[in-house]
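Each remark here refers to the structure printed beneath this line.
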Amino acid sequence: MYKESITDPSAFWSAIASEFYWKKEWDPANIVQGNFDTTKGPISTSFFSGAQTNIAWNCLDAQISKGRGDTAAFVWEGNGLDENKTMSYSEVCSEVNKLANWLRNIGVKKGDRVIIYMPMIPELPISMLACARIGAVHGVVFAGFSAESLAQRIIDSEAKIILTCNAVLRGTKLLDLKSIVDSAIGLGGDGCRITHCLCVANERAVPFSESNFILERDFWWKETVEKMSSTCETEWVDAEDALFMLYTSGSTGKPKGVVHTTGGYMVYAATTTKYVFDLKPGDLFWCTADCGWITGHTYVTYGPLLNGATSLVFEGVPNYPDPGRCWEIVDKFGVQVFYTAPTLIRSLQREGDDYVKKYSRSSLRLLGTVGEPINPEAWKWYHKVVGNGKCPIVDTWWQTETGGHLITPLPAAFPSKPGSAALPFFGVEPVILNEQGKELLGECEGLLCIKSPWPSMMRTIYGDHPRYETAYFKPFPGYYFTGDGARRDKDGYYWITGRVDDVINVSGHRIGSAEVESALVSHSLCTEAAVVGIEHAIKGQGIYAYVTILDGVEYTMELKKELIACVRSTIGPFAAPDTIHWAPSLPKTRSGKILRRILRKIACKDDSLGDISTLADKGVVEELVRLRDV
Ligand code: 6R9
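Take the sequence shown: its position 294, counting from 1, is numbered 294 in UniProt numbering, and each next residue is one higher.
Shown next as structure tokens:
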């Protein structure tokens with residue numbers, strides 16, 4: 001199948017696409033189009049050009065018409081042990097239609113952006129599907145982002161509608177989401193165009209209260225949406241119409257609004273879910289990712305439903321009430337396929353095997369990982385202890401930009417190697433380039449690029465196509481540059497070595513060092529900051545920040561705490577630096593460029609600093625080493 005997908009992508013993808021419902025067929029002469037070379041005109045990709053479809057229809061109505069109306073679409077497990085509910089495909093379809101009708105009633109049209117800022121409750125994927133039903137573009141913002149980050153995304157997306165929830169309990173922590181939304185709207189000032197805020201009342205977290213409600217802007221879900229009709233006319237959209245946008249961090253500047261379109265994304269999300277997770281209708285699949293990240297889009301919401309499977313949505317945290325929670329849930333519902341991030345595996349491994357062995361886990365038949373390289377020790381523990389040595393592991397490499405898995409094992413189809421993402425998925429042509437952009441052959445190590453379009457690749461950055469070209473295609477003309485390094489072994493297996501740019505991967509979350517730096521210097525006493533990623537036993541990478549403070553100001557514990565608090569409130573708690581290192585000055589070249597390579601070495605206590613001849617002032621390094629433990 002792989003060979004066929006590369007030699008004749010049009011035939012390959014159109015055969016698969018034929019299994020979905022299309023209101024209008026594609027133009028057979030233009031099934032796959034793409035240009036990755038800026039010297040040959042604008043970068044563009046299209047799949048199934050001319051066709052019309054609707055992904056919500058294919059996720060819901062198509063399944064119902066195949067007799068799956070009573071099959072569970074979502075099994076929801078709340079934060080507390082006794083909170084759960086199952087929603088069938090028919091029930092989800094009704095709820096999606098009610099919300100779609102409400103959105104349409106208040107004037108939301110095809111192409112309009114709708115921001116979703118919600119915890120992992122069924123209303124989150126339902127909101128995504130309701131937007132898709134009417135052709136609106138959803139922009140989910142992870143509910144761990146601060147008011148400031150949310151405001152930035154509201155402004156950039158020019159959204160007029162926000163869907164949220166008053167509050168949520170995660171473990172024992174209460175998150176007051178509605179007040180974060182209120183602050184974000186306030187912070188947005190004139191740049192914020194929000195006219196409607198729809199709020200789910202989560203009375204499990206806090207009692208029903210309207211104290212902060214603003215008349216004509218704020219609406220309770222249960223008082224408005226519940227009253228709408230449960231049938232809704234589907235908006236048929238072009239295959240290349242935008243389905244959603246999702247912000248992700250790059251190495252420079254503000255987060256990028258990655259835009260995905262409908263047809264190619266639908267076909268690819270469904271196909272990867274089917275083959276990589278071996279998922280069949282009615283199977284119970286649990287992807288632990290939050291819908292605020294790409295993994296939650298493709299493998300909590302769209303992929304499982306497009307396959308008629310049941311997707312488990314978990315509101316809580318894996319260590320509450322104790323570190324056995326995941327396996328308790330697996331046994332309670334009979335989860336067959338479990339997909340998570342290496343950071344979670346490592347943190348549970350540290351708690352010992354007893355929490356795992358307490359549960360049978362006999363329903364599990366396949367395990368997956370995503371988000372960061374998995375170290376072989378964690379891989380082996382996952383395989384041996386969690387999977388009882390009988391479940392294949394799929395280590396799936398992909399990105400927000402790629403929409404779905406690009407390099408991944410296919411379970412039991414070929415031998416796996418702990419720590420390797422194995423081989424490219426159907427239609428994917430990876431290459432490894434050297435720094436000069438030359439393709440390396442055979443066994444090699446270098447920069448990971450992709451040389452031809454695949455159906456679910458991002459089509460643009462919202463409002464900034466030039467940035468799309470500059471960030472991903474200009475570095476190596478003719479190739480999509482992933483920002484990752486990789487090694488290819490003698491069997492053609494890929495081993496992802498991690499980011500080669502200034503993106504830090506903390507617990508599988510992408511954080512741009514530039515964003516953390518700008519949050520630090522927003523503190524009135526911080527004049528300069530340089531942030532690097534360093535190895536972290538549980539999180540994969542941790543954030544190490546060098547800060548220069550105003551001359552004459554004393555560096556105190558208090559100030560250190562304030563600086564960390566500044567990052568928490570500007571970006572979100574997950575981006576808080578692990579270490580703050582006082583730096584009276586930073587190592588720079590004569591032209592003023594910060595030498596991060598040296599900063600990384602000082603941070604991980606590797607004092608073989610290598611070539612420091614480009615340094616303008618060598619004394620700076622000695623001083624930083626001296627101040628390391630201050
Ligand atoms: C899906 C997702 C993408 C970055 C990517 C890479 C890292 C993801 C990986 C992996 C090694 C894997 N990454 N999966 N590294 N092995 N199996 O995580 O998207 O949040 O955009 O992050 O994550 O560095 O470039 P996103």
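In this text, a Cβ means the ideal position worked out from N, Cα and C, and glycines have one as well.
Backbone CA spacing between residue i and residue j [nearest angstrom]
i, j, result
"Thr-252", "Met-128", "29 Å"
"Ala-136", "Leu-103", "9 Å"
"Trp-582", "His-405", "41 Å"
"Ile-461", "Tyr-265", "16 Å"
"Leu-410", "Tyr-320", "32 Å"
"Leu-550", "Glu-558", "15 Å"
"Ile-432", "Ile-538", "29 Å"
"Leu-344", "Phe-285", "17 Å"
"Pro-42", "Glu-469", "8 Å"
"Gln-52", "Gly-592", "53 Å"
"Ser-202", "Val-181", "The residue you asked about is not Ser; residue 202 is Asn in the sequence shown. Taking the straight line from one Cα to the other gives about 15 Å."
"Glu-435", "Gly-446", "7 Å"
"Ala-132", "Gly-371", "26 Å"
"Gln-541", "Asn-505", "6 Å"
"Asn-97", "Glu-233", "8 Å"
"Asn-35", "Arg-170", "45 Å"
"Glu-517", "Met-118", "27 Å"
"Thr-248", "Ile-115", "15 Å"
"Ser-311", "Trp-327", "16 Å"
"Cys-604", "Val-532", "10 Å"
"Ser-46", "Lys-23", "18 Å"
"residue 631", "Val-621", "Given a span of 1 to 630 for the chain in the structure shown, any question on residue 631 remains unanswerable."
"Glu-515", "Ala-167", "27 Å"
"Ile-294", "Arg-628", "37 Å"
"Ser-456", "Lys-618", "48 Å"
Nearest neighbour of residue i, chosen from the options [CA to CA]
i, options, result
"Asn-58", "Ala-309, Ser-157, Asp-218 and Ser-229", "Ala-309"
"Tyr-268", "Trp-13, Lys-390, Thr-556 and Leu-433", "Trp-13"
"Arg-600", "Ile-155, Ile-534 and Pro-573", "Ile-534"
"Glu-377", "Gln-399, Gly-250 and Pro-418", "Pro-418"
"Tyr-339", "Ser-452, Thr-298 and Gly-437", "Thr-298"
"Ala-565", "Gly-34, Arg-68, Ser-146 and Arg-113", "Ser-146"
"Phe-414", "Met-457, Gly-263 and Val-276", "Val-276"
"Arg-467", "Gly-80, Cys-526, Pro-255 and Asp-8", "Pro-255"
"Leu-243", "Gly-263, Asn-105 and Ile-393", "Gly-263"
"Glu-91", "Thr-231, Gly-139 and Leu-177", "Thr-231"
"Ser-66", "Leu-305, Gly-257 and Ser-229", "At residue 66 the sequence reads Lys, which differs from the Ser that was named. Here the closest residue by C-alpha is Leu-305."
"Asp-218", "Trp-236, Val-225 and Cys-199", "Cys-199"
"Asp-428", "Thr-272, Leu-175, Glu-240 and Gly-189", "Sequence check: residue 428 is Val here, not Asp. The candidate whose alpha carbon is nearest that of Val-428 is Thr-272."
"Gly-463", "Glu-158, Glu-515 and Tyr-89", "Glu-158"
Expected contact under 8 Å - CB spacing of residue i and residue j to nearest Å
i, j, result
"Arg-499", "Cys-444", "That pair is no contact at about 19 Å."
"Tyr-480", "Ile-450", "4 Å"
"Ala-184", "Ile-154", "6 Å"
"Thr-579", "Ala-545", "7 Å"
"Lys-173", "Ile-194", "Between Ile-194 and Lys-173 the Cβ distance is about 26 Å, and since that is not below 8 Å, they are no contact."
"Asp-278", "Leu-366", "6 Å"
"Asp-70", "Gly-50", "Not quite, the Cβ-Cβ distance comes to about 36 Å (not below 8 Å), so this is no contact."
"Val-630", "Asp-607", "Actually they do not touch by this definition, with Cβ atoms about 17 Å apart."
"Glu-77", "Asn-84", "5 Å"
Status (buried if at least 16 other CB within 10 Å, exposed otherwise) for residue i
i, result
"Asp-322", "exposed"
"Pro-584", "exposed"
"Ile-121", "buried"
"Asn-212", "exposed"
"Asp-82", "exposed"
"Tyr-302", "buried"
"residue 631", "Nothing can be reported for residue 631: it is not among the residues displayed for the chain, which extend from 1 to 630."
"Asp-107", "Checking the sequence shown, residue 107 turns out to be Gly, not Asp. Per the 10 Å Cβ criterion, exposed."
"Val-553", "exposed"
"Met-1", "exposed"
"Tyr-472", "buried"
"Leu-441", "exposed"
"Tyr-382", "buried"
"Asp-156", "buried"
Contact with chain C by residue i, beta-carbon distance below 9 Å
i, result
"Ile-185", "Judged by its chain identifiers, the structure shown contains no chain C, having just a single protein chain."
Requested in this report: Identify every run of the alpha helix (DSSP H) within the segment 253 to 304, keeping only runs that are complete inside it and at least 4 residues long; order them along the chain.
Outcome: Counting only runs of 4+ residues, the alpha helix (DSSP H) found wholly inside the segment 253 to 304 occupies 263 to 276, in chain order.
Requested in this report: Ignoring anything shorter than 3 residues or poking outside the segment 366 to 409, list the beta strand (DSSP E) runs there in chain order.
Outcome: Segments of the beta strand (DSSP E) lying fully in the segment 366 to 409: 366 to 369 and 393 to 395.
Report task. Could I get the ranges of all uninterrupted beta strand (DSSP E) runs contained in the UniProt domain "Acetyl-coenzyme A synthetase N-terminal" (1 to 59), with 3 residues as the minimum, in chain order? Result -> Runs of the beta strand (DSSP E) inside the UniProt domain "Acetyl-coenzyme A synthetase N-terminal" (1 to 59): 32 to 35 and 44 to 47.
Report task. Could you name each continuous beta strand (DSSP E) segment of 3 residues or more that falls completely within the segment 123 to 165, going from the start of the chain to the end? Result -> Runs found: 137 to 140 and 161 to 165.
Query - Residue ranges of each alpha helix (DSSP H) within the segment 531 to 619, 4 or longer - result: Whole alpha helix (DSSP H) segments, 4+ residues: 557 to 570 and 596 to 603.
Query raised in the report: Could you give the uninterrupted runs of the alpha helix (DSSP H) lying entirely in the segment 432 to 504, keeping only those of 4 residues or more?
Result: Taken in chain order, the whole alpha helix (DSSP H) runs of length 4 or more contained in the segment 432 to 504 are 465 to 472.
**Report entry** alpha helix (DSSP H) segments (min. 4 residues) lying fully within the segment 214 to 254
**Finding:** Correct list: 221 to 224.
Report task. Could you name each continuous beta strand (DSSP E) segment of 3 residues or more that falls completely within the segment 504 to 528, going from the start of the chain to the end? Result -> If only uninterrupted beta strand (DSSP E) runs of at least 3 residues are considered, those enclosed by the segment 504 to 528 are 509 to 512.
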